[in-house]
Amino acid sequence: MSAVHLSIPASIRRRRIAWGEGIIKTLLALCTLVSVVTTAVIIFTLVDECLGFFDNVSPVEFFLGTRWVPLLEPSSYGVLPLLWGTLTVTFGAALIAIPIGLASAIYLSEYASMRVRSFVKPVLEVLAGIPTVVYGYFALTFITPLLRTMLPDLHVFNALSGAIVVGIMVLPTIATLSDNALRAVPDNLRQAAYALGATSYEVTTHVVLPAGLSGVMASFLLAISRAIGETMAVTLAAGATPNLSFTFQESIQTMTAYIVQVSLGDTPAGGIAYQTLFAVAAYLFVITLLLNIVSQFILNRYRETYE
Amino acid sequence: MAGFEPSAQLQRRHRKAMFFSMCCATVTWLGTVLLATLLIQVSIEGFKWLDLQFLTSFPSRFPYKAGIKSALVGTLWLISMVAFISIPIGVATALYLEEFVQKGRLSRIIEVNIANLAGVPSIVYGIIGLAIFVRGLGLERSLVSGALTMSLLILPIIVIASREAIRTVPESTRHAAFALGGTRWQTAWSHVLPEAFPGILTGIILALSRAIGETAPLIMIGALTYVAFLPEGPMDSFTALPIQIFNWVSRPQQEFHELAAGAIIVLLVVLLTMNGTAILIRHRAEKLSRNPR
Amino acid sequence: MFSNRMIGLAGALLSLLSSVALGEVLRGTVSLDGSSTVFPISEAVAEEFLAVQPRVRVTVGVSGTGGGFKKFLAGETDINDASRPIKGKEISIASAQNIEFIEIPVAYDGLSVTVNPKNHWVDSLTVDELKRIWQPGSTVTTWRDVRSHWPDEPIRLYGPGTDSGTFDYFSETINGKSGASRPDYTANEDDNALVQGIAGDVNALGYFGYAYYASNKDKLKLVAIDGGNGPVKPTEKTINNGEYAPLSRPIFIYIRKDSLDRPEVQAFTQFYIENAALLASEVGYIPLPIAVYKRALERVQRRESGTAYHQQNAAPDLLATQH
Chain U
1 MSAVHLSIPA SIRRRRIAWG EGIIKTLLAL CTLVSVVTTA VIIFTLVDEC
51 LGFFDNVSPV EFFLGTRWVP LLEPSSYGVL PLLWGTLTVT FGAALIAIPI
101 GLASAIYLSE YASMRVRSFV KPVLEVLAGI PTVVYGYFAL TFITPLLRTM
151 LPDLHVFNAL SGAIVVGIMV LPTIATLSDN ALRAVPDNLR QAAYALGATS
201 YEVTTHVVLP AGLSGVMASF LLAISRAIGE TMAVTLAAGA TPNLSFTFQE
251 SIQTMTAYIV QVSLGDTPAG GIAYQTLFAV AAYLFVITLL LNIVSQFILN
301 RYRETYE
Chain A
1001 MAGFEPSAQL QRRHRKAMFF SMCCATVTWL GTVLLATLLI QVSIEGFKWL
1051 DLQFLTSFPS RFPYKAGIKS ALVGTLWLIS MVAFISIPIG VATALYLEEF
1101 VQKGRLSRII EVNIANLAGV PSIVYGIIGL AIFVRGLGLE RSLVSGALTM
1151 SLLILPIIVI ASREAIRTVP ESTRHAAFAL GGTRWQTAWS HVLPEAFPGI
1201 LTGIILALSR AIGETAPLIM IGALTYVAFL PEGPMDSFTA LPIQIFNWVS
1251 RPQQEFHELA AGAIIVLLVV LLTMNGTAIL IRHRAEKLSR NPR
Chain L
2001 MFSNRMIGLA GALLSLLSSV ALGEVLRGTV SLDGSSTVFP ISEAVAEEFL
2051 AVQPRVRVTV GVSGTGGGFK KFLAGETDIN DASRPIKGKE ISIASAQNIE
2101 FIEIPVAYDG LSVTVNPKNH WVDSLTVDEL KRIWQPGSTV TTWRDVRSHW
2151 PDEPIRLYGP GTDSGTFDYF SETINGKSGA SRPDYTANED DNALVQGIAG
2201 DVNALGYFGY AYYASNKDKL KLVAIDGGNG PVKPTEKTIN NGEYAPLSRP
2251 IFIYIRKDSL DRPEVQAFTQ FYIENAALLA SEVGYIPLPI AVYKRALERV
2301 QRRESGTAYH QQNAAPDLLA TQH
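Chains as they are written, first to last, in this note's numbering: chain U, 1 to 307; chain A, 1001 to 1293; chain L, 2001 to 2323.
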């Protein structure tokens, strides 16, 4: 408790504490405001340029068109290939990262000894910090050749490698955050379940996971957010060709990769080619927003809090 | 107990449990091994270039002369500043949202909002950073602009991870503090925060790990690639390790690829040191925590 | 040809002579940004300039030619590295902002067309054939479509992304208009990745800068280009003397006229042009003929602004007497 001199009368002490409390509360609220303001700025910037874009390109063409060729003549502004690229890579990455990450988290929190845990967990966390360009080259020089021995029709740049490498990249996030969430579940819950004769599998899946669901899903969310926003690894592994093909064997381009290509590339400023980046970014923003709302909803329905 | 025969169903359940635990173990070790191969591959390529000259030289067009001095110092400056800015704001936000705000519509909206910010591509933060910090506030292409931009980028990660950590603190802890006459802030500071500390620290580690490896937003706000001097203050221009790595890796000559591998090793060492310190702190905190396991 | 050591010594000698000529110790900053293609040359120049004028801070960024122009036209940089000439929109912004620029070509990059080493049927291609393959709406899908005695295997095209200067130059030279290309090729921003792509695909055909071929000769097969005078392979000699046509592209720097009023920028620009020949070949590009550099120096001295590649804001083409 804060050190308050006991010789000061209680009423003044209380008032002082309340006053200090008010200041701290305001400071904290201001910090929270930073995030709110950031969102506002992002939305404003995107919408501003988007309006200019949709003056020149019909929304129908944008949302439903199947060819994305904004920088060539004849130009075509259908965003579906980019959307498909993003969905493919994100979904594929989630398919890899979530089972493996969750299984690792369960192992680390439920089964592993303290020694194993103190070795594996830091290793995973270091791997979360490897620059993305390294993962990209890893995909190109290790993963793709490996895959090509199994799938000879695989192109050198392909969506499968991209999804795999992004999955590997976000794996540590899920593992380490879920491990935290599962470990925080009070032990008496486990003991109670064991006392009722449950096996470790049943305890984990019926008691621990539901209790830690909030943290686990937060880790999924952060991982998927990272996967969506990933550019360099994807570009190196999967190329930069907007492509609506349904095999995973060809080169694709994600929305984020396209945004980086235009921002840092040779496109002249102003002009519709530059505005495309804001339209794509806005679309991505809306999609992630929907994703978040849906996951919030699911979470609130299935989460169980104890105490 | 003599004569006790477990039923067939019980045996099946136990077998299932064993199978499950072995699956989890295998997967974890496989994952670790795969990631370790990645590390080893990088290390082998880059190891021969690691020497004092590499660490103390500026970049050059001659591979044997080139070094990462400006990039390493830039990264260290950047990460320190980012940590300094983002950790207090992030943890404060999480505390505010969990301890001081009523759980209602507003709280949920802000939660969705922050979760969404986590999914905004880093390049968009670069675009915003360019408009607001570099041009709007006139901070130019300096370390401050870079640090502010990166802080915005990783803030959602810290907030989300910290919120989850704070949520795991049982209500009984808070009630105990209130019962003793504590105010919200006193409770938060002396009871909730220490218990949530390990989880918050994990979030900070993840966030800073992300920040240290980012390239695109830094290039956008004007981080340089060739710099032959060290930054002398927060308003100086700079370069960073990931930018140097990316530059070398894109060159045609093989020697530059190997140099890049060397730089990656240095980056990982920095990361390891950062994480190592945090993990030590977390270890101590976990030992003292209320949930001894 | 010359060992690195020799060229280094020659450069140092030149720097020494320049510093003797320059005399005074200069201070200040020179900021460059722009294309990653031109970056190695700018880096080399900055490195050598540091030896001559250690008090001048030269910094080089890599935001891309377009991104670099944005910063250049906002007055944030002194020199823009450009792998393509300035475009109409950018010229308009320049005149709106009252920024005058001086266009200086600094080196040639020979765009090399390559195939997989196991490709035994292609030794050369004519410019016409390249056009047929790469033009928008092209119907070429197999090697047989190009020459009837070639195998009936699908052609797999690899190339840089649609917004890169390399792509721009290739499509303008081969297809007649910048940005005109068939869209269905495998694009990748990273030229090293393209090398990997072509090296791993028997039916591949792609193009990128000469330096990337030179560093990967064991993984690629070079295709000679017939521009009307017989097939020519890109080498230092053929690119420099104009035989390798039309795929020798010039790369540029653009200097802000008002920046030249600062003595450090003036000294740096002069140094750049004087040493570009030496340093460009060290980093994998081809020097321009000496006469062009002489004319470039004169242009800087006369402060002659404008571009040779657009009617708006026109200036004489320094490379004109070459082809």
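Every residue gets a Cβ at the ideal spot worked out from N, C-alpha and C, and that includes glycine.
What you are looking at is a predicted structure, and each value in this text was computed from that prediction instead of being measured.
Report the rounded CA-to-CA distance for residue i versus residue j, giving the unit in angstroms.
i                : j                : result
H2310 of chain L : L27 of chain U   : 56 angstroms
H2323 of chain L : R2147 of chain L : Any reading at H2323 of chain L is ruled out, since the residue's pLDDT is 36, under 50, leaving its predicted position unreliable.
F2170 of chain L : L1052 of chain A : 43 angstroms
A198 of chain U  : L291 of chain U  : 35 angstroms
H1014 of chain A : G1031 of chain A : 26 angstroms
V123 of chain U  : Q2312 of chain L : 59 angstroms
P1292 of chain A : E1286 of chain A : In this prediction, P1292 of chain A has a pLDDT of 49, which is less than 50 and means its spatial position is unreliable; nothing more can be read from the coordinates.
E1005 of chain A : D179 of chain U  : 36 angstroms
Y201 of chain U  : E1099 of chain A : 34 angstroms
A1263 of chain A : E2129 of chain L : 44 angstroms
L1267 of chain A : A1176 of chain A : 45 angstroms
F2271 of chain L : K2087 of chain L : 27 angstroms
Y77 of chain U   : G2161 of chain L : 17 angstroms
A103 of chain U  : A1025 of chain A : 8 angstroms
R2055 of chain L : G2137 of chain L : 55 angstroms
P1198 of chain A : N2119 of chain L : 59 angstroms
Indicate the three-state DSSP secondary structure (helix, strand or coil) for residue i in the structure shown.
i                : result
E202 of chain U  : helix
P1063 of chain A : coil
I2086 of chain L : coil
S2035 of chain L : coil
I298 of chain U  : helix
K2233 of chain L : coil
V2060 of chain L : strand
F2101 of chain L : strand
P1292 of chain A : In this predicted model, P1292 of chain A has a pLDDT of only 49, less than 50, meaning its place in the structure is not dependable enough to derive any value.
A2308 of chain L : coil
Y2185 of chain L : coil
S2092 of chain L : helix
G2110 of chain L : strand
Q2322 of chain L : Residue placement at Q2322 of chain L is flagged as unreliable, the pLDDT there being 44, under the threshold of 50; the coordinate-derived value follows with that caveat. Of the three classes helix, strand and coil, the one that applies to Q2322 of chain L here is coil, per DSSP.
R15 of chain U   : helix
Which residues in chain U have a C-beta closer than 8 angstroms to the C-beta of residue i? List them in chain order.
i                : result
F1197 of chain A : Ordered by position in chain U, no residue passes the 8 angstroms Cβ test against F1197 of chain A, which lies about 11 angstroms from the chain.
Measure from the alpha carbon of residue i to the alpha carbon of each residue in the options, then state which is nearest.
i                : options                            : result
P2183 of chain L : U:R16, U:E61, U:V69                : U:V69
F1054 of chain A : A:L1039, A:G1126, A:Q1041, A:S1070 : A:S1070
E230 of chain U  : A:G1213, A:F1020, A:M1081          : A:G1213
M1220 of chain A : L:E2043, L:V2058, L:D2201, L:S2063 : L:S2063
M297 of chain U  : A:E1111, A:T1277, A:L1139          : The displayed chain sequence assigns Phe, not Met, to residue 297 of chain U. Of the listed residues, the one whose Cα sits closest to F297 of chain U is A:E1111.
I287 of chain U  : A:Y1064, A:A1118, A:I1044, A:H1175 : A:A1118
K2233 of chain L : L:G2200, L:E2274, L:I2079, L:L2222 : L:L2222
S245 of chain U  : U:F44, U:A29, U:L127, U:P81        : U:P81
Run through chain L and tell me which residues come within less than 9 angstroms of residue i, C-beta to C-beta.
i                : result
L146 of chain U  : Those do not exist, as L146 of chain U stays about 13 angstroms from chain L at its closest Cβ, beyond 9 angstroms.
F91 of chain U   : Ordered by position in chain L, no residue passes the 9 angstroms Cβ test against F91 of chain U, which lies about 22 angstroms from the chain.
Y1125 of chain A : Going along chain L, no residue has its Cβ under 9 angstroms from Y1125 of chain A, so there is no contact; the nearest lies around 16 angstroms.
Please list the partners that residue i has in chain L, where partner means a Cβ-to-Cβ separation under 8 angstroms.
i                : result
E73 of chain U   : P2136, K2177, G2179, A2180
R1061 of chain A : P2040, E2043, A2044, E2047, L2279, E2282, V2283
By the criterion of Cβ-Cβ separation under 7 angstroms, what are the contact partners of residue i in chain L?
i               : result
S251 of chain U : T2186
Q261 of chain U : G2161, D2163, E2189
F246 of chain U : Those within 7 angstroms of F246 of chain U in chain L number zero; the least Cβ separation is about 16 angstroms.
Quick one: which chain A residues come within Cβ less than 7 angstroms of residue i?
i                : result
C31 of chain U   : I1089, A1092, T1093, Y1096
R2256 of chain L : Within 7 angstroms Cβ-Cβ: nothing; R2256 of chain L doesn't reach chain A, min ~16 angstroms.
So which residues of chain U does residue i contact, with C-beta pairs closer than 7 angstroms?
i                : result
A1115 of chain A : L221, N292
So which residues of chain A does residue i contact, with C-beta pairs closer than 8 angstroms?
i               : result
Y111 of chain U : S1021, C1024, A1025
Given that residue i touches chain A, what residues does it touch there, using C-beta distances under 9 angstroms?
i                : result
N2192 of chain L : V1249, S1250, R1251, P1252, H1257
> In chain order, which continuous runs of the alpha helix (DSSP H) of length 4 or greater are located wholly inside the region 52-107 of chain U?
Replying inline: Counting only runs of 4 or more residues that sit fully inside the region 52-107 of chain U, the alpha helix (DSSP H) segments are 59-64, 80-106, in chain order.
>> Runs of 4 residues minimum, wholly inside the region 1195-1263 of chain A: which ones carry the alpha helix (DSSP H) assignment?
In response: 1216-1221, 1241-1249
>> Ignoring anything shorter than 4 residues, give me the alpha helix (DSSP H) runs that lie fully in the region 131-192 of chain U, in order along the chain.
In response: 132-138, 144-150, 159-183
> Quick one: complete alpha helix (DSSP H) runs, 4+ long, within the region 1097-1157 of chain A?
Replying inline: 1105-1119, 1122-1129
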